[in-house]
Each structure stands twice: as structure tokens, then as C-alpha cells.
Amino acid sequence: MGTSVLRRRLFSSRLPASLALCLLAACASVPPPSVPEDPAAAAVRLQERREWAFAKDGVRFDNRLTAARLTGVTRTGAYTYVVDAAPETRPVNPSPWYGFRVAAERPATVRIAFRYPGFQHRYHPKLGSGDGRWRDASPEEFEPERDDAPATLRIEVGPQPLLVFAQPPLEPGDFEDWTDTIARGLPIERSVFGRSVQGRPLRMFEFGGSDDAPLLVVIGRQHPPENTGSQALFGFVETLAADTPRARAFRERVRTLVVPLVNPDGIVEGHWRGNLRGRDLNRDWGPFTEPETRALMQSLLARSEGTGRRVVFALDFHSTFHDVLYTVTEDPARQPGGALARWIAALRTLSPGLEEKPSPAVRPVFKNWAFCRFGAPAVTYEVGDTTPAAELDALSRHAAQALMDLLLQELPVGPVPACTISAGNDD
Ligand SMILES: [Zn+2]
């Protein structure tokens, strides 16, 4: 599949169907918030799904949408509002996700200021009309945050609701639809490896290789807002699954295991960072207190032990402020001439400024756990929040081609290293 398909997916989410459900039955598709007993998670703040109606202006806001986040609306003048999108817990990574719907009885220009006490506005607003298409708010519509003024949106609103989101939201069903597109091209083995805190199925799929083939592990979306990371994962996996001579040869030799959505509850709830209990899943690869990470860890161990199959490369897709690859300092494959060094060099033929940031395998993040458990190169593949869709797609497809070339030449697995991953969250 080409870039056009990826773009179409990005700009044609399933919101219309969700909207219809929400309008008919107050979001019957979204389970009501419920947090299982966990004293340590007492500080988690689940948003109330509701409407804020302002009769004087005939304007109303609501958050009754999957992936929405809106925790307060204050009218500060005629057609002028402040919206709050508070994090699910504190302290929290500065990823202020927001998502809401706004409509007016009569066409009007509405001013909306974004308020996040203690945090700065991060995501440029994406506007959707509910027909599946999204666009960036224009420079005339959006004024970024300044020292003396909050980020402010000034938009035309009418009876047709306007969606305002930090990124075009991807829902759990979008990941399943995407998996369906992969399954139409080749046989894949789908499975549910666990349940989220709120009981949603945690899904993976595998393709290529025999039962004891080397294993490439690709996971994503531990963190709810990180849309561009998902887009890169899609292009990457589509390239491995493509009907090309190189991909077919690769699939003869290597089995690929894909978990596109590790944190479905966080996405549905519109969390900034955590799962339903507000826990950062990419700080749980050591404590394993959360069902999502625990189930994935057990599943990966079950696939590698007793079968002779070894993980030979692991990738975890994320988004941050710019494109960067986080690697493990101790990984011998990083040394000049090593497999990981060659893969990164191949990526830099397309993206010369691509940064690599190694760090010691200490913090309980997925890449450290995978490296320490399997002795294989493990990379956190970070995509910039604003990296253009065509650019991130081209690089992720190129990265997949380069990785196939690499793994067709050699399997870069060393002895399992002696690591001490900290059980605590030390950052
Ligand atoms: Zn992340």
C-alpha cells in the first residue's frame, strides 16, 4: 500500500460511525469509566463525559467521543471560552492531549483558549467536520501560546458540530481495520494476548517464518497521544508484509510479531500518557504492575522459550518533539560496523539529520527490557509530532527495507547481557 492509502487512513477515521453511536445513545460504544481497586492509583482523574451548554451564545461543547478529552469549559465573554483538558494524573509527561466537539445554534465566530496549569500547549489543533476529513487549523485560526497569552483558536462554528483534536484520533477499531488490510494481502495469525484494565482485548498478529524462525517484534502506542508513531508503524509493517521479492524472502526467514496498540484504554479515555490507572506503560517493563505490559511480556517470553525461536530485533514506535532513535548504550550492535549501526546509517541516507540517543539499559522501558532479555538490538523509534505524513511514511518504509536487508544477511543477537533494570520510575 502506498502513501495515499496511509493518508486516507489518517484523514478518514471512523468518527462518523462513532458520532452516530454517541448521538443515539450517549456513546454507548464507550464503557463508562471504572477504575479497579488500586490504592496507588487513587490520584487518577477520569473525565466526566458530558456537555457544556451556554444559552447566551447558543454554543455547546461536549466530550462524548472516543479519545476525547475535555475536563472543563468556562465562558469568559460573548462567544469566548477557556477549555481545560487536565491530565489523568500528576506528575505526568508533558503531552497535553485534548479532544472535543463544539457547535453553535447560529453561525458564529468562537474564541477558545486552551488552559493547562503547569504545562504548555503542544499539539497544533486538527479540525474535523465529522465526515472523516481533518485539517490543521490555519495561521488565521490558531495563535500559539505566548508568555502573556494562552494558545487560542478563533473559528467559525455552526449547527454542524466541529471536532477539535490534538491529533486526528485513531480508535481501537481503526487498528483492527488496519490489521484487516494486512490480512487481505497475506496469511496472518491473529491472537488476543490479554485484556486491558478495562477489559478490552489486547491484540497481536504474526506473519512469516516457521515455528522456530527468528522473531522481529514491533509494538506501538503504549502512550495514547502518539499518533505519528502509529502512522510510522503502519508503513513499516506494510512494507514487511508487501508482495515484493525482498519482503517474500524476508518472510521465508523471519517471523514478525506486531502489537499495534498496547494501550487501548488510554486512547479511548483521551489520556495524556497512562493506561486507565494512569500508569506509564513504558515505565512498567520491570515492575510489570499493569495488565497490558505483563500480558505482553508473558506472551513474548512464551514465544521465545522452548520453541528455539529468538527475538532478533525489537522496535517500539512512539512520538515526541522530533524524529529520534533511542538505543541501548551497551548494545554491541551499535559499535561501528555493527548491525544496528548499519541500520541507522541506512536510515540516514534518507534522513541525514536523524538523531540516535543511546542510554544505559537501566530504566524499565520496553527497549531496555527487550535488549536485556534477548540480547537483540532494541530501539524506541520516535517520530516528531509534526513530521509530515509523507515524510514519516517514506522513512518508516525505508527503515523496513533496510531492516529486511540486514536480517537477510545476519541475525544480530549476542549473548544475553547482564542488566539491572531499575524497578522504579527514575525519570
Ligand atoms: Zn511515547
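Each residue of the sequence shown is one higher than the last, beginning at 90 in this note's numbering.
All C-beta atoms in this analysis are idealised placements derived from N, C-alpha and C, irrespective of residue type, glycine included.
All of these numbers come straight from a predicted model, not from anything done at the bench.
Spatially closest choice to residue i from the options, by CA coordinates
i	options	result
Pro239	Asp369, Tyr170, Val472 and Ala430	Tyr170
Leu275	Glu295, Gly262 and Arg284	Glu295
Pro313	Thr155, Leu481, Ala142 and Leu495	Thr155
Arg243	Glu232, Pro176, Ala430 and Asp237	Glu232
Asp520	Val357, Glu194 and Asn457	The structure shown does not extend to residue 520, since the chain is modelled only from 90 to 516, so the question has no answer here.
Gly395	Arg139, Thr476, Arg383 and Asp301	Asp301
Pro183	Pro477, Leu497 and Phe410	Phe410
Trp223	Leu259, Arg211, Ala202 and Pro185	Leu259
Phe282	Ala331, Pro334 and Thr382	Thr382
Asp474	Arg138, His210, Arg139 and Asn152	His210
Glu315	Pro506, Ala167, Pro449 and Pro185	Pro185
Val343	Glu245, Gly147, Met493 and Lys145	Met493
Gly166	Asp173, Ala202 and Thr438	Ala202
Thr438	Ala491, Ile277 and Ser285	Ala491
Ala478	Asp412, Gly442 and Val505	Asp412
Arg138	Arg279, Leu497, Leu159 and Asp146	Leu159
Glu194	Leu291, Arg368, Pro250 and Val181	Pro250
Gly207	Arg200, Asp225, Glu230 and Asp173	Asp173
Arg462	Arg392, Glu471 and Leu436	Arg392
Val351	Gln136, Gly309 and Ala175	Gly309
Tyr205	Glu245, Gly161 and Asp332	Gly161
Cβ shell of residue i (< 8 Å), same chain only, five flanking positions each side left out
i	result
Val326	Ile271, Val307, Thr345, Val347, Pro349 and Ala489
Arg486	Gly324, Phe325, Glu327 and Thr328
Thr418	Pro447, Ser448, Pro449 and Ala450
Glu140	Arg149, Phe150, Asp151 and Arg153
Glu234	Phe203, Gln209, His210 and Ala240
Presumed contact (8 Å Cβ cut-off) between residue i and residue j, rounded CB distance
i	j	result
Asp405	Phe455	5 Å
Val468	Leu414	5 Å
Gly219	Leu252	6 Å
Pro248	Ala197	Incorrect: roughly 11 Å between the Cβ atoms, too far for contact.
Asn371	Gln311	5 Å
Ser408	Gly318	4 Å
Neighbourhood of residue i by C-beta, 6 Å cutoff - its chain only, sequence neighbours within 5 removed
i	result
Leu500	Pro303 and Val401
Ala132	Thr178
Ala459	Ala403 and Ala467
Arg134	Glu177
Gly503	Pro421 and Gly464
Phe254	Gly188 and Lys215
Asn514	Bear in mind that the predicted position of Asn514 carries a pLDDT of just 46, short of 50, making it too unreliable to give a figure here.
Arg279	Phe294
DSSP-derived helix/strand/coil call for residue i
i	result
Ser285	coil
Lys215	strand
Pro334	helix
Gly188	strand
Asp263	helix
Gly503	coil
Phe402	strand
Gly324	helix
Arg158	strand
Ile356	helix
Asp173	strand
Ala132	coil
Glu278	strand
Asp373	coil
Ala193	strand
Thr163	strand
His487	helix
Leu385	helix
Phe339	helix
Glu480	helix
Cys508	coil
Residues bridged to residue i [DSSP beta-bridge criterion]
i	result
Val472	Ser408
Leu291	Gly283
Trp141	Phe150
Ser448	Val417
Thr345	Phe296 and Leu305
Glu232	Thr241
Leu496	Paired residue(s): none; Leu496 is not in a bridge.
Glu315	Answer is none; Glu315 lacks a bridge partner.
Ile201	Tyr170 and Leu242
Phe254	Gly188 and Lys215
Ala467	Ala403
Ala224	The amino acid occupying residue 224 in the given sequence is Arg; Ala does not appear at that position. For Arg224, which the question treats as bridged, DSSP gives the partners Leu216.
Beta-carbon contacts of residue i that lie in its chain and below 7 Å, excluding the five residues immediately before and after
i	result
Glu445	Leu414, Thr416 and Ile433
Arg543	The question about residue 543 has no answer here: the residues shown for the chain are numbered 90 through 516.
Arg164	Phe143 and Tyr170
Leu495	Ala428, Arg431 and Trp432
Gln256	Tyr212, Lys215, Pro314 and Asn316
Gln424	Ala430
Ala157	Gly188, Phe189 and Gly359
Neighbour flag for residue i against chain C, beta carbons, 7 Å
i	result
Gly318	Checking the listed chains, one finds no chain C in this structure; it contains a single protein chain.
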